[in-house]
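Colleague: Just dropping this structure here.
So, in structure tokens, the structure goes:
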């Protein structure tokens with residue numbers, strides 16, 4: 001199904017929905033010299049630094065539906081906004097979503113939670129890291145407007161148990177409360193990687209969007225090494241497709257993505 005990938009974790013169906021995408025200009029990764037950038041992109045079969053906006057649906061055996069992030073919605077115009085159509089292809093109405101877990105509150109992750117000034121998912125409890133809520137509360141941004149409108153917010157901290165086999169994975173640096181999630185043998189790692197082509201060979205390569213680049217490097221290395229050491233399947237919010245669930249192996253000082 002176009003723009004939808006599926007992975008089963010025990011009794012949980014996990015769907016990756018690709019809400020849209022764009023090409024990053026070179027300035028987004030200022031630490032990568034042009035010659036190296038072009039060589040890495042060529043090795044990956046890319047003509048530019050492509051990215052996409054992935055979010056996730058968790059459908060439990062009892063019929064409950066949760067989401068991890070909501071895509072960008074209308075924030076990037078025609079470059080995004082597919083998420084609601086993709087949900088409909090899965091037979092899911094916005095009212096069916098009972099919980100949204102946010103990896104963080106950049107607009108490409110939470111923009112889809114608002115439709116104009118209204119909540120897209122009116123019945124959903126919002127779950128996010130306490131530091132993330134504190135960082136965005138009251139700010140004139142999509143995140144601030146979202147937090148001002150939601151009725152039920154649950155704040156969590158590192159390693160909290162969210163039930164349904166889901167645990168919080170604290171991976172700060174990209175934002176103060178950036179998290180991943182672990183569900184059985186699956187790791188959803190949010191934005192530890194924005195471009196696999198540039199960053200997997202050298203996880204110290206970071207985009208300009210990081211609030212704390214040094215901490216983001218630590219979190220990226222922590223996540224990628226754990227994926228290898230624990231034999232996890234992983235997916236990230238900017239992972240290119242069509243395969244959206246993969247494994248990792250080490251290569252030199254970096255990593256290589258492997259198909260399942």
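In UniProt numbering, the protein residues as written are 1 to 260.
Ideal Cβ positions, reconstructed from N, Cα and C, are used throughout, including at glycine.
A quick note: this is a predicted structure, and the numbers were derived from the prediction, not measured.
Take residue 198 as the anchor and find which of 34, 16, 7, 22 has the nearest alpha-carbon.
Modeller: Per the Cα distances, 34.
Colleague: Could you tell me the boundaries of the alpha helix (DSSP H) in which residue 28 lies?
Modeller: Neither: residue 28 is in no alpha helix (DSSP H) and is coded neither H nor E.
Colleague: I'd like to know whether the C-beta atoms of residue 75 and residue 108 end up nearer to each other than 9 Å.
Modeller: yes
Colleague: Looking at the secondary structure, which residues open and close the beta strand (DSSP E) in which residue 125 lies?
Modeller: 125-129
Colleague: Could you tell me which whole alpha helix (DSSP H) segments of length 4 or greater appear in the stretch 34-116?
Modeller: 34-43, 83-89, 107-110
Colleague: Tell me the DSSP secondary structure of residue 248 in three-state form.
Modeller: strand
Colleague: What whole-angstrom Cβ distance do residue 80 and residue 53 have, given they're in contact under 8 Å?
Modeller: 6 Å
Colleague: At what residues does the beta strand (DSSP E) containing residue 163 begin and finish?
Modeller: 161-163
Colleague: So what does DSSP say about residue 1, is it helix, strand or coil?
Modeller: A caution first: residue 1 carries a pLDDT of 48, below 50, which makes its placement in the model unreliable, though a value can still be read off. Note: residue 1 maps to coil in three-state DSSP.
Colleague: Could you give the C-beta distance for residue 180 and residue 188, rounded to a whole number, given that I count them as a contact under 8 Å?
Modeller: 6 Å between Cβ atoms; contact.
Colleague: Are the CB atoms of residue 237 and residue 184 within a distance shorter than 9 Å?
Modeller: no
Colleague: Let me check one thing: in DSSP terms, what residues is residue 196 bridge-paired to?
Modeller: In the DSSP output, where bridge partners are listed per residue, residue 196 has none listed.
Colleague: Do you know offhand how far residue 6's Cα is from residue 13's?
Modeller: 7 Å
Colleague: With a CB to CB cut of under 7 Å and the five nearest residues on each side skipped, what residues in its chain are close to residue 260?
Modeller: Scanning its chain for C-beta atoms nearer than 7 Å, with the 5 sequence neighbours on each side dropped, one finds around residue 260 the residues 233, 245, 246, 247, in chain order.
Colleague: Give the DSSP-derived three-state secondary structure of residue 144 in the structure shown.
Modeller: helix
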